[in-house]
Amino acid sequence: MKKENLTPTVSTETTATEDLDARWQRVVERRSFLKGIGMAGAALSAGTLLATEGIAQTSSSTGKLSKGDVALLQFAAWAEIVESDLWTQYAELGGVGPSGGGAAQSSEEFQKFIGGNPAYTLALQNLDGDMPQYITDNTDDELSHAAFLKAFLRSRGEVPVDLEPFRTLPSSQATGARQIKRLTSLMNLNVDLSWYTRYRSGKNPDLGAAFKGPFVIKNQPAIPLNDTDTPPSTNPAIPITGRDAERIQAIANTAGFHFAFIEQGGASLYPTLAFKATDPTVLRILVSIGGVEIDHFGLWHDKGANAVSQPLAGVVDPVTGLTFPDLNNPATELTQTNKILPEPCNFISKSLPRCSVIRPTSTQNGGAVATVKAFTEDGLFIGQTPAFFELSMQLAVAADSVRRGF
Ligand SMILES: [Fe+2]
Ligand SMILES: [Fe+2]
Numbered sequence: 004m005k006k007e008n009l010t011p012t013v014s015t016e017t018t019a020t021e022d023l024d025a026r027w028q029r030v031v032e033r034r035s036f037l038k039g040i041g042m043a044g045a046a047l048s049a050g051t052l053l054a055t056e057g058i059a060q061t062s063s064s065t066g067k068l069s070k071g072d073v074a075l076l077q078f079a080a081w082a083e084i085v086e087s088d089l090w091t092q093y094a095e096l097g098g099v100g101p102s103g104g105g106a107a108q109s110s111e112e113f114q115k116f117i118g119g120n121p122a123y124t125l126a127l128q129n130l131d132g133d134m135p136q137y138i139t140d141n142t143d144d145e146l147s148h149a150a151f152l153k154a155f156l157r158s159r160g161e162v163p164v165d166l167e168p169f170r171t172l173p174s175s176q177a178t179g180a181r182q183i184k185r186l187t188s189l190m191n192l193n194v195d196l197s198w199y200t201r202y203r204s205g206k207n208p209d210l211g212a213a214f215k216g217p218f219v220i221k222n223q224p225a226i227p228l229n230d231t232d233t234p235p236s237t238n239p240a241i242p243i244t245g246r247d248a249e250r251i252q253a254i255a256n257t258a259g260f261h262f263a264f265i266e267q268g269g270a271s272l273y274p275t276l277a278f279k280a281t282d283p284t285v286l287r288i289l290v291s292i293g294g295v296e297i298d299h300f301g302l303w304h305d306k307g308a309n310a311v312s313q314p315l316a317g318v319v320d321p322v323t324g325l326t327f328p329d330l331n332n333p334a335t336e337l338t339q340t341n342k343i344l345p346e347p348c349n350f351i352s353k354s355l356p357r358c359s360v361i362r363p364t365s366t367q368n369g370g371a372v373a374t375v376k377a378f379t380e381d382g383l384f385i386g387q388t389p390a391f392f393e394l395s396m397q398l399a400v401a402a403d404s405v406r407r408g409f
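So the number in the numbering used here is just where the residue sits in the sequence shown, counting from 1, plus 3.
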């Protein structure tokens, strides 16, 4: 490598910035229409813009947040603590661990509690061989979101959300699950599958469309409950046959769809919160975390769909009777399993061309209250106390009520 290539990145960036600044300044000077603007026109130079951004970031790293921005971040923290709790349960049983290949973890904190349920992990791997790694990494992401939001609020002198008093729900008794108290329950879920149809449709719930899922998952476990029901030594090899293999595969399939349900919720929630942010740093946090929720949703949409296509489709839960159909037989616009990228849909106005976007992004359909309601209807909070619902709704109403300031 030539020596000049070893020039530190910082100075290269500085030179590039200076070049850009000088060029942009010349463009600004040449534009006669800007001359009348005077100082306002001069303020458009790239250097000034960069300097302004710097000032905003510096001052906003110590400044007091508005009440509205605090409400947005507190609700985001609520959602991330809830996500962390449910994802941790999935990771203990089906993440990378003794039964899942043992790949390196990205967080030391996380390493402390990965366990592994061999039968569940194998069933998840029927959806995709990399499922344990994806589950582990999604969990790690949620833990990082929650920890960051809490620390950021504290750094601005605000009190972060504390859901610890509500950690009262029981753990799974199956091999791999730690025996600790939980915030959420994954043992009796109603997984709303309307997102599956919604993202394949050209219609948008924010413009009045309503969607039904391609089949129904109601009152189903998404994690193994105990070792009697799902012996950890079960090997659910495809084709899935026999009571124990079908039971654990149905549970893993429900989980596959539940992953996507949770993350599409995050994908819609963050844009609704970001609309309302005033401080540029708060906006940056919401947009940046929100992008990762969308990434998660895209991944899980693909994996869940593998439960309803060949060679896996057709599993029937021997306990609950839940059937995972073959959604490619026949393949329709709204069911075809590999149509996992969002279809362009109505957006803003039906008179405008359809656009491929996250949907919904209205406060009513995708905001904080909608999220609490959707998670509650999902069955995540079965067994939670009235105080938990009261606090959750209070935080949600506060976030949904925020209006962007200038
Ligand atoms: Fe998250
Ligand atoms: Fe998430």
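Ideal Cβ placement from N, Cα and C applies to all residues, glycine included.
Length of the line joining the Cα atoms of residue i and residue j
i: P389; j: V85; result: 16 Å
i: N238; j: A253; result: 13 Å
i: D230; j: I361; result: 40 Å
i: K353; j: T142; result: 38 Å
i: Q77; j: I251; result: 37 Å
i: A212; j: P235; result: 43 Å
i: A401; j: L75; result: 8 Å
i: N309; j: G259; result: 9 Å
i: F384; j: G216; result: 22 Å
i: I292; j: G269; result: 9 Å
i: F278; j: F391; result: 27 Å
i: G119; j: I351; result: 46 Å
i: L96; j: N193; result: 20 Å
i: D72; j: P333; result: 48 Å
i: G307; j: P208; result: 22 Å
i: G103; j: Y137; result: Unreliable placement is indicated for G103, whose pLDDT of 41 sits below 50; the coordinate value is still reported in the next sentence. When rounded, the distance between both Cα atoms is 11 Å.
i: R246; j: L146; result: 36 Å
i: G179; j: G369; result: 34 Å
i: T257; j: P224; result: 7 Å
i: P363; j: I297; result: 13 Å
i: L272; j: R407; result: 16 Å
i: T340; j: R287; result: 34 Å
i: A122; j: C358; result: 42 Å
i: T124; j: L302; result: 18 Å
i: V164; j: T338; result: 40 Å
i: A280; j: Q367; result: 17 Å
Coil, strand or helix - residue i by DSSP
i: I251; result: helix
i: P297; result: The sequence given here places Ile at residue 297; Pro does not occur at that position. I297: helix per DSSP, three-state reduction.
i: F218; result: coil
i: A334; result: strand
i: R246; result: helix
i: L192; result: strand
i: V73; result: helix
i: T91; result: helix
i: L3; result: Look at the range of the chain in this structure, 4 to 409, and you will see that residue 3 is not part of it.
i: S352; result: strand
i: V162; result: coil
i: V360; result: coil
i: T340; result: coil
i: Q313; result: coil
i: V400; result: helix
i: R287; result: helix
i: Q182; result: coil
i: T379; result: helix
i: Q136; result: helix
i: Q387; result: coil
i: S102; result: Residue confidence is low: S102 scores 42 on pLDDT, short of 50, so the model does not pin down where it sits. Its coordinate-derived value is still stated next. In this structure, S102 counts as coil in the three-state DSSP scheme.
i: V85; result: helix
i: V372; result: helix
Of the listed residues the options, nearest to residue i (C-alpha basis)
i: A399; options: A126, F260 and T275; result: T275
i: V372; options: V405, L127, S147 and D320; result: V405
i: S395; options: G71, A74, G66 and W81; result: W81
i: D88; options: S69, P173, G119 and Y123; result: P173
i: D3; options: H299, G71 and D195; result: Here the chain covers residues 4 to 409 and nothing more, so residue 3 does not appear.
i: A255; options: F278, E83, L228 and K279; result: L228
i: L289; options: T178, H148 and W303; result: H148
i: E336; options: T284, F151 and K206; result: K206
i: D403; options: A79, G294 and I297; result: A79
i: F151; options: L68, E83, I226 and A280; result: E83
i: W198; options: D305, P321 and S312; result: D305
i: D320; options: P135, G66, Q367 and D232; result: D232
i: N324; options: P356, K67, L68 and E249; result: This sequence places Gly at residue 324; Asn is not what is there. It is E249 whose Cα lies nearest to the Cα of G324.
is_contact[residue i, chain D] using C-beta, thresh 9 Å
i: H304; result: Any reference to chain D falls outside this structure, which holds one protein chain only.
Self-check item: Those residues, in chain order, that have a beta-carbon closer than 6 Å to some heavy atom of ligand 2
Solution: Answer in sequence order: E86, E145, E266, G269, E296 and H299.
Quiz prompt | Inter-stretch contact (C-beta, 8 Å, three-pair minimum) for the segment 342 to 353 and the segment 198 to 216 | solution = With a cut-off of 8 Å, the segment 198 to 216 and the segment 342 to 353 count as touching, because enough Cβ pairs lie within range.
Quiz item: Is the segment 365 to 382 close to the segment 257 to 276, with three or more CB pairs under 8 Å?
Solution: yes
Quiz item: Would the segment 328 to 338 and the segment 307 to 320 be scored as touching if the rule is three or more Cβ pairs under 8 Å?
Solution: yes
Exercise. Answer yes if the segment 204 to 221 comes into contact with the segment 155 to 170, meaning at least three C-beta pairs across the two stretches below 8 Å, and no otherwise.
Key: no
Self-check item: Inter-stretch contact (C-beta, 8 Å, three-pair minimum) for the segment 148 to 164 and the segment 174 to 187
Solution: no
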